[in-house]
Amino acid sequence: MKAASPESTNGEPIWTLGIDESLVQFSVDPTQGLASQDARHRQLQYGRNQLRAVQRRSILSIVVDQFKSIVILLLAAAGTLAILFGDYTEGLAIFAVIGINSMIGFLTEWRAVRSMEALKDLGRVNTVVIRDGVMRQIPADDLVPGDIVIFEGGDIVTADIRLIEAAKLQADESMLTGESLPIPKQVEVLTLETPMMERSNMVFKGTAITRGSGKGMVSSTGLNTELGHISELVSEAGSQQTPLEKQLNALGGRLAGVVLVITCLIAIAGILAGRDTYLAIEVAVALAVAAIPEGLPIVATIALARGMWRMAKRNALIARLSAVETLGATSVILTDKTGTLTENRMTVTEIRLSGVDVITDAMDAQDAATKSLLDDLLTTAALCNNASVQETSEGDMHAVGDPTELALLVAALQRGKRRDDLVEATPEINELPFDPDTKLMATFHRNNADVLVAVKGAPESVVPICRYLRTLDGDVRLTEQEGMKWLDRANELGNRGLRTLAIASKITSDAGGEA
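So, in structure tokens, the structure goes:
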């Protein structure tokens, strides 16, 4: 049995310890990392950095599962009796039905098992660590407590890690907490009572770095991570029979009892009537065979298999055939939304300009004046942005950053505005990062001899600091009454479940003052 990986070696939670104390507790130098020999020793002590793997279903187990139904066992018994009493046609027909039923069930479930294993293989990731004083990439499964890990925007966190460096670091923890907004990270000590979702000096296995870069020390691996605790709870839930399985087994049990009683009565009645004993038993067995519904299992299996194939076409994999019936009977599903039903990806759906509302799918259909105003807004949104969208060699888009900022970049790309090109034309010279108190962010860009300030944030923070409103006819003075109208529009959108942002810009000569 492997030892539990420690949150710290003295029993104090790692988030309550300072950086130097944490490193001492795990006996590691942040510049040299662990020695390879020490890492191997720790892996023997704590085990591999893996969650409890669900036992792989073998071909034999899948085959055996096809014969667990009482109805199938009754059919097998009936077929055997038919052959024993010389009715080879009936017996072989029954076994053919059993074989076809089992083959359909086996092939359907085996395909699902193979698909799930292929998905697991695609999910294997590597992690950048420092070992023996050298930065190297290793499989995430080989991480051990005390490893020094380096990560940047776009990386998946592969263990629970105490941060020792954080540069504008943010993490998407929606998988663990359901919070769709990226969480800012820092390295300072926290109190013992700090709940998991507020431990800003930690990053957790299964989450993703959306912005910035960082360096940290692995504190927990495998089942001892926060994600591991959740997986343990899930694994404790044992498998249960579905309603259909229960009903078929109940039917099979009642059918077996009735057939057995009637068969015995007929056999006894025939013998008491003076008929040949063998003939009386043969008649009773023939009646028993006829009473068992040979077509029921195959009809049920085909119906479930069809449902399973239809689900697969909609990108839903079901491991067990019997689960289709339960899913079909489900009327209410209680589930986490972010990262489960949704991908924590956002898109810009509406843009409210002065005098016109634009649906993003119809941006190219606007008149020239609207397009010009729209391009000004999207240019500002792309400049006041720390996300990144790059095209890979395969032609796919690789996106890294805050989901809201990524949505703005994608909208800008629809109008041909690439952030890299915009920053090249107007280089960024300063930034005021997003502040939860002010609820806005500003970037400063060199624009010939002047400075362009690009601002985005919550409408209630941005609108009050604006003095002008850009319209189709140019800039006009923004009155307090008009400002209140824009805030009302923002509230209206918010009531529809939309996240709202206000975008503003100005030309100034000050690259460090208030936006």
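Taking this note's numbering, the leading residue of the sequence shown gets 89, the next gets one more, and so forth. All C-beta atoms in this analysis are idealised placements derived from N, C-alpha and C, irrespective of residue type, glycine included. Please read all numbers here as calculations on a predicted model, not as lab measurements.
Are residue i and residue j touching if we call contact CB-CB under 8 Å?
i, j, result
"T246", "V213", "yes"
"K273", "A254", "yes"
"T588", "A495", "no"
"G310", "V291", "no"
"V550", "V543", "yes"
"D243", "N137", "no"
"T389", "P331", "no"
"A590", "G545", "yes"
"G179", "A170", "yes"
"K293", "T265", "no"
"V232", "Q131", "yes"
"I182", "I160", "no"
"I421", "V412", "no"
"T104", "L280", "yes"
"R507", "M451", "no"
"E438", "D445", "yes"
"P552", "G571", "yes"
"K505", "D464", "no"
"R577", "R402", "no"
"L409", "M396", "yes"
Taking 6 Å as the limit between beta carbons, can you name the residues of its chain near residue i, skipping five residues before and five after?
i, result
"S442", "L557, T559"
"G234", "F114, V116, L122"
"A393", "I192, T196"
"E516", "T531, H533"
"L139", "G316, S319"
"N536", "none"
"R584", "none"
"N189", "P385, I386, T389"
"Q225", "N214, V216"
"P218", "A small fix is needed here, since residue 218 is Ile in this sequence, not Pro. Counting only Cβ-Cβ distances below 6 Å, and skipping sequence neighbours, we find G121, I236."
So residue i and residue j are in contact, right, with Cβ under 8 Å, and what is the actual spacing, rounded?
i, j, result
"S288", "I249", "The pair is not a contact, with the Cβ atoms about 13 Å apart (cut-off 8 Å)."
"L471", "T514", "7 Å"
"A499", "L466", "6 Å"
"L251", "V275", "5 Å"
"E493", "N473", "5 Å"
"E548", "L575", "6 Å"
"P385", "S157", "7 Å"
"L501", "V477", "7 Å"
"P118", "I236", "6 Å"
"M285", "E267", "7 Å"
"L162", "L343", "6 Å"
Given residue i, which residues of its chain have a CB within under 7 Å of its CB, disregarding the five upstream and five downstream residues?
i, result
"P270", "Q258, A259, D260, T298, R299, D490"
"V541", "A530, F532, S593, K594, T596, A603"
"L210", "Note on L210: pLDDT 46, under 50, position unreliable in the model; the coordinate value appears next. Closer than 7 Å at Cβ, skipping near neighbours: no residue."
"F194", "I150, V151, Q154"
"E240", "I297, S301"
"A228", "N137, V213, N214, T215, T246"
"A361", "none"
"R433", "P491"
"G47", "This structure cannot speak to residue 47, because the chain is shown only from 89 to 603."
"A617", "This structure cannot settle anything about residue 617, because the visible part of the chain is limited to 89 through 603."
Per DSSP, residue i is paired with what?
i, result
"S593", "A542"
"N518", "F532"
"Q569", "Its beta-bridge partners do not exist; DSSP assigns none."
"D523", "L528"
"V291", "I249"
"P272", "Q258"
"T559", "S442, G562"
"S301", "E240, A255"
"A296", "I244, D260"
"D306", "With the sequence shown as reference, residue 306 is identified as Val, and Asp is not the correct amino acid for it. Paired residue(s): I249."
Any beta-carbon of chain D closer than 8 Å to the one on residue i?
i, result
"E109", "Checking the listed chains, one finds no chain D in this structure; it contains a single protein chain."
To which residues of the same chain is residue i closer than 8 Å at the C-beta, ignoring the five residues directly before and after it?
i, result
"M89", "Reliability fails at M89, whose pLDDT of 47 lies under 50, so the model's placement of it is uncertain and no value is given."
"T168", "G179"
"R555", "R565, L566"
Check: Whole alpha helix (DSSP H) runs in the stretch 214-267 with 4 or more residues, listed along the chain?
Finding: 262-265
Notebook entry, point to check: At what residue ranges does the stretch 330-358 contain a whole run of the beta strand (DSSP E), taking only runs of 3 or more?
Noted result: none
Checklist line | Inside the stretch 108-161 only - beta strand (DSSP E) runs reaching at least 3 residues | finding: none
Note to self: My parser needs the beta strand (DSSP E) runs of 3 or more residues fully inside the stretch 394-473; what are they?
What the structure shows: 438-441, 444-447
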